[in-house]
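What follows is one structure encoded as structure tokens, with my remarks underneath.
Numbering (the UniProt record's numbering), first residue to last: 1 to 567.
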């Protein structure tokens with residue numbers, strides 16, 4: 001049975017694809033084929049229609065063949081990616097349908113001679129299926145390693161050996177009295193199916209033993225076709241009626257798989273050429289056939305296929321063992337090279353350890369010599385420092401004493417300056433106060449003069465009021481009393497004003513005397529400040545000279561100590 005391109009493609013494509021739909025117009029044709037196959041099953045199991053009616057054996061059978069062929073050719077026409085595979089399968093189905101027509105023409109009394117011209121046309125479907133299966137496997141699996149190809153061949157041969165031993169003996173016994181070429185013709189159908197079944201198993205093995213529903217449809221088509229051929233080989237009327245439903249089911253499934261084919265990017269199935277699971281597992285089947293061949297009288301063809309499978313298994317194992325030996329040899333060479341490198345590294349490390357020990361010894365000797373030289377230099381320097389730094393320290397101490405005296409004098413001069421500045425400041429303040437007092441006295445004298453003038457005016461007004469009161473007579477008596485009071489007040493004011501003026505004059509005379517005394521005192525204090533400034537300048541010069549001498553002495557001591565430290 002042919003292997004569908006769709007089935008094998010999707011065997012490697014586990015996830016469903018949105019474009020996995022048949023070409024336009026194909027689905028109704030496939031539905032028609034499925035209905036005809038169901039009618040054939042109803043005829044077989046329920047006895048619908050006459051047993052010898054050509055409606056089922058000719059028209060329904062050929063209708064399914066033609067419908068499947070049209071579906072495949074339609075898919076090849078519409079979809080360029082299916083042109084090669086669907087076209088080949090469609091041509092094979094057309095030839096199969098032509099074989100049915102030829103069988104009708106060559107039949108004698110309703111019996112088709114075996115072999116006949118119809119058999120080559122019926123068998124033509126198998127080469128088409130083989131070509132389609134090879135193309136599908138090539139497109140789907142891609143390049144594989146030799147070990148992987150041997151695994152696929154071994155898997156197919158192992159399954160074929162078992163199937164041959166199970167299926168061919170009944171077929172051969174059912175045609176025991178037939179002529180030789182008739183036997184050959186009868187056996188060619190199951191053998192072709194076995195080859196196709198082995199090819200499917202090999203494709204699945206090359207595919208990494210991954211399968212999806214399209215591959216399952218393809219496998220079901222192959223099995224249905226194989227079972228149908230076996231029903232035919234049994235040769236009895238009771239059982240041959242079931243052959244047509246199986247064949248039509250296989251044809252319908254084949255067309256379904258082909259028309260649902262979608263091309264996907266080629267995948268390279270990874271294969272480990274050192275793996276032993278597949279050859280060991282599939283060697284059990286042919287080995288069992290060989291072991292059970294004589295006790296159970298198994299057919300020689302199955303034994304031959306089993307022997308061929310074992311030869312392939314041995315070749316596969318030999319290739320694997322040779323590859324493993326090559327890898328082991330390469331690993332051994334790497335291990336030897338690694339050991340040699342480790343030995344060289346150990347020798348290098350030992351040599352470096354010896355050099356490190358020598359360098360450590362030399363450093364210790366040099367350090368000891370440096371310590372001895374440093375001890376001698378320190379002893380010499382200590383003696384020299386004792387001779388030099390002793391007098392220098394005495395000079396420094398005397399300089400410190402002189403500097404302390406100068407500092408004390410400077411402090412006393414500074415105190416005198418502060419006292420002098422304070423006295424000068426107080427004298428200036430007193431002078432300012434005296435000047436302010438003189439100004440105030442002058443202002444008070446002005447105010448007294450103003451009051452005196454006001455008193456004169458008041459006296460004049462009182463005189464006028466007295467005159468007016470005298471004129472008024474009795475009515476102006478009260479006003480006259482007031483005028484007299486005002487006159488008395490003006491006389492008192494004039495007298496007090498004269499006294500104030502005399503007092504202010506005396507105060508102005510005293511203030512002038514105080515100002516003269518303060519000016520004389522300020523001049524004397526200014527002379528004291530000048531003398532103090534001269535003393536401070538002399539003290540500063542002496543302190544500067546002492547600091548220079550002290551710095552020179554400190555520098556000499558520091559140089560002596562630095563010399564000792566360097567040594």
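All C-beta atoms, glycine included, are put in the ideal place defined by N, C-alpha and C.
- Per DSSP, reduced to three states, the secondary structure at residue 108 is strand.
- Distances from the alpha-carbon of residue 43 to those of 248, 447, 82 put 248 closest.
- Boundaries of the alpha helix (DSSP H) around residue 28: 26-46.
- Only residues of its own chain outside the window of five on either side were considered, and among them 71, 74, 75, 259 have a CB closer than 7 Å to the CB of residue 26, listed in chain order.
- Residue 97 is positioned such that its CB atom lies no closer than 7 Å to that of residue 123.
- No Cβ-Cβ contact shorter than 7 Å links residue 254 with residue 216.
- One thing to note: residue 69 has its Cβ within 7 Å of the Cβ of residue 93.
- Per the C-alpha coordinates, the member of 246, 219, 218 positioned closest to residue 230 is 246.
- Under a 10 Å Cβ-count criterion, residue 447 is classified as exposed, with fewer than 16 other Cβ atoms of the shown protein chains found around its own Cβ.
- The alpha-carbon separation between residue 474 and residue 495 amounts to approximately 33 Å.
- Residue 504 is positioned such that its CB atom lies no closer than 7 Å to that of residue 440.
- At the C-beta level, residue 511 and residue 434 come within 7 Å of one another.
- Non-local C-beta neighbours of residue 541 in its own chain, meaning closer than 8 Å and more than five positions away in sequence, are absent.
- In terms of CA proximity to residue 41, 244 leads the group 244, 519, 337, 95.
- Between residue 257 and residue 223, the gap from beta carbon to beta carbon reaches 7 Å or more.
- Here DSSP, grouped into helix, strand and coil, assigns residue 232 to helix.
- Between residue 114 and the set 99, 134, 125, the nearest pair of CA atoms involves 99.
- Under the three-state reduction of DSSP output, residue 242 falls in the coil class, being neither helix nor strand.
- In the three-state reduction of the DSSP assignment, residue 122 falls in the helix class.
- A Cβ-Cβ separation of about 5 Å places residue 36 in contact with residue 60 under the 8 Å criterion.
- Membership of residue 67 in the alpha helix (DSSP H) is indicated by the continuous run 61-78.
- With respect to the 7 Å criterion, residue 501 and residue 451 are not classified as neighbours on the basis of their beta carbons.
- Counting the other CB atoms within 10 Å of its CB gives residue 88 a total of 16 or more, which places it among the buried residues.
- DSSP, read as helix, strand or coil, puts residue 260 in coil.
- Here the C-alpha atom of residue 449 lies approximately 54 Å from the C-alpha atom of residue 534.
- Residue 129 and residue 46 have their C-alpha atoms some 33 Å from each other.
- Inter-residue distance for residue 488 and residue 420 is about 57 Å (C-alpha atoms, whole angstroms).
- Within its own chain, the residues whose Cβ lies closer than 7 Å to the Cβ of residue 483, once the five positions on either side in sequence are excluded, are 462, 465, 466, 469, listed in chain order.
- Within the model, the alpha-carbon separation for residue 132 versus residue 62 is close to 22 Å.
- If you draw a straight line from the Cα of residue 28 to the Cα of residue 250, it comes to about 18 Å.
- Within 10 angstroms of the beta-carbon of residue 530 lie fewer than 16 other beta-carbons, which makes it exposed.
- For residue 537, the number of other beta carbons within 10 angstroms of its own is below 16, and it is reported as exposed.
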